[in-house]
Amino acid sequence: MKLRMNFFSQLKMLTDFIIMSIIFSIMIFVLSNACDPSIIPYFLIPYSLLFIFPPIILHLNYFGKNKGIVFEIRKNEIIKTNGQEALEVSNNDIKEIIIYTSFTRNTGTSRLVHSSYYYAKIELLDGNYFVITSLISAKIDEVLKENMNGVKITIEKIFYPII
1 MKLRMNFFSQ
11 LKMLTDFIIM
21 SIIFSIMIFV
31 LSNACDPSII
41 PYFLIPYSLL
51 FIFPPIILHL
61 NYFGKNKGIV
71 FEIRKNEIIK
81 TNGQEALEVS
91 NNDIKEIIIY
101 TSFTRNTGTS
111 RLVHSSYYYA
121 KIELLDGNYF
131 VITSLISAKI
141 DEVLKENMNG
151 VKITIEKIFY
161 PII
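Every letter in the sequence shown is one number past the one before it in the working numbering, and letter 149, counting from 1, is 149.
Structure below.
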């Protein structure tokens, strides 16, 4: 299975952000008609701190890590291609796969806009590692679990999964 970052994989990660922005825009429009418009900046500051900056920072961070990289995940093998350079890694070369995800991802509870962002760090036996982010695939954890038999996969839940 070849995986690469594209417009649609990025758009899928931004879905919560887009929905929250639409809801907030409607709310601001209603408030501006019902109340004094001078209070709108007081709503924009917390909204920006909670719903705009965190996903944008994560998105840019993940974009920088996986830009131009193609991953081919096969049964017991990962091929990472960056331009003309290719790295083939079998499951025997992998020490551990650590999936860094937020506490609320896939829980069905109320969550923050950046909760859908996560990444997998593939640590190799020689001490090197590489990262596959959710901008490559929103189900990278399932793909790795399905294809990397015999490799230890650990899930680390953190509040803000920045690389």
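Glycine included, every Cβ here is placed at the ideal spot set by N, Cα and C.
Beta carbon of residue i nearer than 7 Å to that of residue j
i	j	result
residue 73	residue 143	yes
residue 148	residue 92	no
residue 17	residue 113	yes
residue 21	residue 135	no
Limits of the unbroken beta strand (DSSP E) element including residue i
i	result
residue 131	129-133
residue 145	Here residue 145 belongs to no beta strand (DSSP E); instead the alpha helix (DSSP H) covers 140-147.
residue 69	69-74
residue 3	2-4
Burial state of residue i (16 or more Cβ within 10 Å)
i	result
residue 119	buried
residue 165	The structure shown does not extend to residue 165, since the chain spans only 1 to 163, so no value can be given for it.
residue 101	buried
residue 30	exposed
residue 1	exposed
residue 36	exposed
residue 42	exposed
residue 13	buried
residue 126	exposed
residue 55	buried
residue 5	buried
residue 94	buried
residue 164	Outside the shown range of the chain (1 to 163) lies residue 164, about which nothing can therefore be said.
residue 23	exposed
residue 160	exposed
Three-state class that DSSP yields for residue i in the structure shown
i	result
residue 102	coil
residue 82	strand
residue 14	coil
residue 151	coil
residue 28	helix
residue 116	helix
residue 137	coil
residue 23	helix
For residue i, the first and last residue of its enclosing alpha helix (DSSP H)
i	result
residue 57	53-66
residue 40	40-47
residue 124	Where residue 124 is concerned, there is no enclosing alpha helix (DSSP H), although the beta strand (DSSP E) it sits in stretches over 119-124.
is_contact[residue i, chain B] using C-beta, thresh 7 Å
i	result
residue 10	The structure shown contains no chain B, having only a single protein chain.
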